[in-house]
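One line per chain: the protein sequences are A and B, in this order.
Numbering follows the working numbering, in which position 787 of the first sequence is assigned residue number 787; successive positions increment by one, without gaps.
Numbering follows the working numbering, in which position 45 of the second sequence is assigned residue number 45; successive positions increment by one, without gaps.
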Amino acid sequence: MKIQNLSKEEVLKSLLTSDNGLSEEDAKRRLHEYGLNEIKEVRKRPLYLRLISQFTHFLAILLWISAFLCFLSEYLHPGEGMLSLGLAVVGVIVINAIFTFIQEYRAEKAVEALKRLLPFNVKVLRDGSVREIPAREVVPGDVFLLSEGDKVSADARLIEANRLMINNAPLTGESESKPRSYKPFEGDYLESPNIVFAGTLVVSGNGTATAFATGMSTEFGKIAHLTSAVEPGLSPLQKEILKVTKIIAVIALTTGIFFFGIGTVTGRSFWHNLLFAIGITIANVPEGLLPTVTLSLAMGSQRMARKKALIRTLTSVETLGSVTVICTDKTGTLTQNKMEVERIWTASDGTKVPPYPLCGKDMEGFSSYNRLITTAHLCNNAVYENGKYKGDPTEIAMLKAAREISDGIQSERIAEIPFDSERKRMTTVNVIHGETLVLTKGALETVLPLCSGILMDKEFKALDDESKKSLTTIYHSMMDDGLRVMAFAFKNIEPAHGMNMMQAEDLLEKDLVFVGLMGLEDPPRPEVPEAIKKCREAGIKVIMITGDASRTAVAIAKQIGLVKGMPAVIEGYEMDTKSDSSLREVLLSEEIIFARMSPRHKMRIVSVLQDEGERVAVTGDGVNDAPALKKADIGISMGIMGTDVAREAADMVLLDDNFATIVNAIEEGRTIFENIKKFITYIFAHGTPEAIPYIMFSIFKIPLPLTVMQILAIDLGTETIPALALGAEPPEAAIMRSPSRSSKITSPVKSGKKEIIDSFLLIRGYVFIGLISTIGVLFVYFYVLFKGGWQWGTVLPIDNPLTRQASTATFLGIVIMQIGNVFACRSSHESMFRLGIFSNKLVIIGIVVEVILSSFIIYHPFGNKIFGTAPLGLDVWLILIPFSALLLFAEEIRKAYIRRYK
Amino acid sequence: MYKNILAAVNEFTNSEIAARYAIALAKSCQARLSLVFVAEEKIGRDVFRHAESALERLFIEAEGQDIEVESITEKGDPLKKINDIVRGKNIDIVFTATRREDIQKRFFAKTLAREFMVKLPCSVAMVRVVRMGRIHPKNILVPLRANMTNLEERACFVAKLAQAFNSAVTLFYLTSPITSFFHGETYLNPAQREKHIPRDIENFTECLNRYDIHHEKKTGYGSVSRSITIEAAHRRNDLIVMGESERSLLRSIISGNPVEDVLRETPCNLIILRPEHEHR
């Protein structure tokens, strides 16, 4: 026997309490046993550990090692600027760690928002008398009083209820209030009318309940537990960066060890070799990568905000691009949430479509239309006040239609059996012009069995099985057109009879006369079909999760192009009986709709999808959507309709609640991923012209071609803005026409998973572009040397003016080659001319800044002093330009080849 | 399997609820039940009255279910007295409840529940009650790990409890992703994970099958304690049954203790079972 099955006496007995409540002493003991009735956040990793982890991830460790090597090198061979480099690297680590920590540390306010839904004080019975105590002191077994406007403080079983109506919206998402009763109930615990849940609201009536669960063991506590316990793992980008770091580490270390070996073989001293190995290792570490990625994401989030998608966690910007499944609500997201009456059907007049072509006779006394409109108007809790409609959207639509047709109907309501999701109908007893009417509206399957007749041509006719069948067919055909369909019935009763029967629901709702159907429509948002099409082309599966009936859901899905054939439809009740494996099988279907769902099912759908390796975005607006929002790779809450709890739990907030905005954000996310690849190629490309001259310096004893400070000036100075400009490249035309870079986890190769760094990128960056750059750089380096009178084999000291000029030429060479490279990197396959040279203005600005900065380093005495540079003649610039053009030309040929043959 | 069951009762309601699990198990195993209250020195009259009332209620409840039951009240050190009863009456398993202050102590140091777990010469089921009222677990979550000992007893305990309440059982096994230096972590899908389920868990399943207990297997990734509590909260399990921690104090300090964490954060009632033979 469960708590909802028990009689009042059994409830009190099982909770070891009584009608008089607990004694103060018992309550004290139980408070000691069960703790305070409060929502707590689950234990998390302390903040200081989270900060420390920003300094200890793999790339940070790699940079720490680089910094250490710099300091070691400075110690062994002072005066080569290694100290500055070491300090700069430490600066990069610290700034990046703090920036990322601030970005990632988002105060967990979801649980705070949940707490706000619980009451502060509650009236309890202690030792037989009413006492007002802080709600946090309520204990299991406490008997507490409920009256209109109260928030429920704990999960409790009702032992008395007087016309008690509770709004369970925080738990179920349903806006309609439900009548509660103290009677034993045989059904499911969550659906039980004799249970009240913490966090819900007493809308009317009063009652007495005894608490059986408090604090975190309430249903509300479970939501809080799930919301705070689900912790996101590493984002796809973080995983990729980790992988990139490992590749870089291996490349850097291998290169260092390799040249240390070569040096040893060629007979150089140990210390010389060590210093050289350290230098070459450091040259391979892209110090600027981390800040560039972070800034690029920050810029991406700003662009998304302009598109009405507010990003709450920086890494989500890129995660969006990898989404493979979107689980979306229907109402308000796919549709406009503007319910309108679209069709009316009566047996007398058949179907009528607005604007209602009514004539006087339509509204005469006993016509079907009259009765239907009267019922829609009066069996309705929406109100029209001060020129505005208030209430449930479906009821508002019916009231609006009824008012437009009938111009207002005066009546007195003397009884009501409220709507609830179990009964799926509502009944009122109204007196109109002395006539007492029972008016019922609801789903056909619940209204039709109550009817014994039908109103046709102002006459009552018996409702036989055949008529019922044809009514059902009409009902289904309206649903198949995407309409939410309401059935209406009525009957006349004697006035006194009506009053006496107020308590007898069964008698009131018996032998009704069926009058007709009303089809309501929440029209799809106009942008949605195009967005769905984009998703289809982009290989993103869209799953509709709705509280609506399956036929309505399927019809809407067809209207917006979400489904083409007959989709797999799962209804809410099936979720409780379906095992994960059978749910998994359903989710493999191409087209799926979840109908009549409760938000609590969302998290399970998300979990099963994630288990199959999908990256899932899920939308939600209610309190109990919060766990699913936290669980999903991208939780999306609604900015307009969303609750505070949902917004706090989400990664992204849609400012316009529009599905199309999600798709735009995904497009932006994909673009950012591609752009990160672009600037990584750009950054990698300078590694070769930095490394090769350095190697030649070591092997061929040529003058030092590039100082450490000059490397630093490139990595953290001149390249930053052009790299960021690549991060701001607009989406390429085909970005949403290629499949999502899936996270299908078991077989990355088969699933076509795209990675940030692949062999193509490495070869293109380090070899193809890198070698062309090196040719230009070495040419200008030797040009300056030979022009200055240097002869092969002559050893020049570092502070020799010619050495400084030559290294400055190498520096400038890399800068100029990277100007060509930045244009080349704007697309891996599209011609720069097709993209438009000036289409990304930030690139132009980046180049201008790069040139100004380089000029300062080369021509300003301060720049010369810091970076060990010397002024160069115009001829050096002019020599480099054709090489830069050559790089661009070579890339254009490569791209043309790819476009043609791949 | 269990012939003699003992439920330790005190003045707190959670010990009464813990004893109800003992009643259910006794009924399912057709075992003899001893309801024991050991009054410590210097306890107040109220405390005594509460415990006696609880004993009486439980006695009536057990008797109403045709269980051979006895009620014992002793005075003295609870551990010593219960130890004596366990030895004297050949008790197979003792049910005891943890108190809220117990779980706030790290590693349960110096708690009576821990003393029972460590020192009693029989199996011990330590019950953490977070929800009052009648117990009716509809779905029992059983987290399992590889290299389990006393499989038969564990399976029997779960099966008999499930039989008593007509509950479904979900076996929950957490694994680690496959890792490689360059590719990082590779996560298998559930079908592939099923193939990697340790033999122990398969054996456990076979034991359950012998008792004809309907069960579902679930596998997952993530932090052990967090995943268990999330699963229980998400799938609305009414009861978690798990084994005691076998981590040493040092390992618990360094890498945490999942059992202790689950005890703290469980969203539903929890039974931690220490099977008899592990300590004999």
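Every residue gets a Cβ at the ideal spot worked out from N, C-alpha and C, and that includes glycine.
From a predicted model like this one, the values you see are computed outputs, not experimental measurements.
(message) Between alanine 229 (chain A) and chain B, is any beta-carbon pair separated by less than 9 Å?
(response) yes
(request) Answer with buried or exposed for aspartate 875 (chain A), where buried requires no fewer than 16 other C-beta atoms within 10 angstroms of its C-beta. (result) exposed
(message) Just to confirm the assignment, what range does the alpha helix (DSSP H) spanning tyrosine 859 (chain A) have?
(response) 841 to 859
(message) Let me confirm a value: tryptophan 931 (chain A) is counted as buried when at least 16 other C-beta atoms fall within 10 Å, else exposed. Which label applies?
(response) Since the first residue shown for chain A is 1 and the last is 902, residue 931 (chain A) is missing from the structure and cannot be characterised.
(message) Spatial neighbours of asparagine 203 (chain B) within its chain, please: C-beta separation below 6 Å, excluding the five flanking residues on both sides.
(response) Leu151
(message) I'd like to know whether the C-beta atoms of isoleucine 93 (chain A) and leucine 63 (chain A) end up nearer to each other than 9 Å.
(response) yes
(request) Kindly say whether isoleucine 240 (chain B), judged by its beta-carbon, lies nearer than 9 Å to any beta-carbon of chain A. (result) no
(request) List the residues of chain B whose Cβ lies closer than 7 Å to the Cβ of methionine 216 (chain A), in chain order. (result) Pro267
(message) Judging by CA-CA distance, which residue of B:Val127, B:Arg32 and B:Gly133 is the nearest neighbour of isoleucine 91 (chain B)?
(response) B:Arg32
(request) Kindly say whether proline 190 (chain B), judged by its beta-carbon, lies nearer than 9 Å to any beta-carbon of chain A. (result) yes
(request) Given a cut-off of 9 Å, decide if valine 528 (chain A) and alanine 723 (chain A) are closer than it, judged by their beta-carbon atoms. (result) no
(request) Run down chain B in chain order and give the residues with a C-beta less than 8 Å from the C-beta of isoleucine 247 (chain A). (result) Phe182
(message) So isoleucine 166 (chain A) and serine 177 (chain A) are supposed to be a Cβ contact under 8 Å. How far apart are they, rounded?
(response) 6 Å
(message) Just checking: is the beta-carbon of arginine 425 (chain A) within a distance shorter than 9 Å of some beta-carbon in chain B?
(response) no
(message) Which of the three DSSP states is assigned to leucine 872 (chain A) in this structure?
(response) coil
(request) Return the CA-CA distance between aspartate 758 (chain A) and histidine 272 (chain A), expressed in angstroms with no decimal places. (result) 34 Å
(request) Could you tell me if threonine 179 (chain B) is buried or exposed, where buried requires 16 or more neighbouring beta carbons within 10 angstroms of its beta carbon? (result) exposed
(request) Return the chain-ordered list of same chain residues with a C-beta closer than 7 Å to the C-beta of isoleucine 67 (chain B), the five sequence neighbours on each side being excluded. (result) Ile23, Ala26, Lys27 and Leu33
(message) Counting only Cβ pairs nearer than 8 Å, list the residues of chain A close to aspartate 46 (chain B).
(response) Glu25
(request) Determine the DSSP secondary structure at threonine 186 (chain B), reduced to helix, strand or coil. (result) strand
(message) In this structure, how does DSSP classify methionine 479 (chain A) when only helix, strand and coil are distinguished?
(response) helix
(message) Is it buried or exposed, threonine 473 (chain A), if we count other Cβ atoms within 10 angstroms and call 16 or more buried?
(response) exposed
(message) Distance check for asparagine 337 (chain A) and alanine 487 (chain A), CA to CA, integer angstroms please.
(response) 21 Å
(request) For the beta strand (DSSP E) holding valine 230 (chain A), just list the boundary residues, first then last. (result) Premise fails: valine 230 (chain A) is in no beta strand (DSSP E) and is neither H nor E.
(request) Compare the C-alpha of methionine 117 (chain B) against each of B:Gly44, B:Leu79, B:Leu144 and B:Asn147 and name the closest. (result) B:Leu79
(message) Is the separation between the beta-carbon of threonine 688 (chain A) and that of serine 581 (chain A) shorter than 9 Å?
(response) no
(request) State yes or no: is the beta carbon of asparagine 203 (chain B) nearer than 9 Å to at least one beta carbon in chain A? (result) no
(request) Specify the secondary structure class of aspartate 188 (chain A) as computed by DSSP and reduced to three states. (result) coil
(request) Sort A:Gly221, A:Gly199, A:Leu146 and A:Val250 by Cα distance to glycine 205 (chain A) and report the nearest one. (result) A:Leu146
(request) Give me the Cα-Cα distance between proline 523 (chain A) and alanine 555 (chain A), rounded to the nearest whole angstrom. (result) 11 Å
(request) Might you give, ordered along the chain, the residues of its own chain that have their beta carbon closer than 8 Å to the beta carbon of serine 167 (chain B), omitting 5 neighbours on each side? (result) Pro137, Lys138, Asn139, Ile140, Leu161, Asp238 and Leu239
(message) Comparing C-alpha positions only, which one of B:Glu265, B:Ala51, B:Arg57 and B:Thr170 sits nearest to lysine 75 (chain B)?
(response) B:Ala51
(request) Answer yes if the stretch 686 to 700 of chain A comes into contact with the stretch 836 to 847 of chain A, meaning at least three C-beta pairs across the two stretches below 8 Å, and no otherwise. (result) no
(message) I want to see whether chain B comes within less than 9 Å of threonine 746 (chain A), judged by CB atoms only; does it?
(response) Unreliable positioning characterises threonine 746 (chain A) in this predicted model, as indicated by a pLDDT of 40, which lies under 50. A coordinate reading is not provided.
(request) Note down the Cα distance separating histidine 196 (chain B) from alanine 159 (chain B), rounded to an integer number of angstroms. (result) 24 Å
(message) What does DSSP give as the partner residue(s) for valine 341 (chain A) in the beta ladder?
(response) A:Leu520
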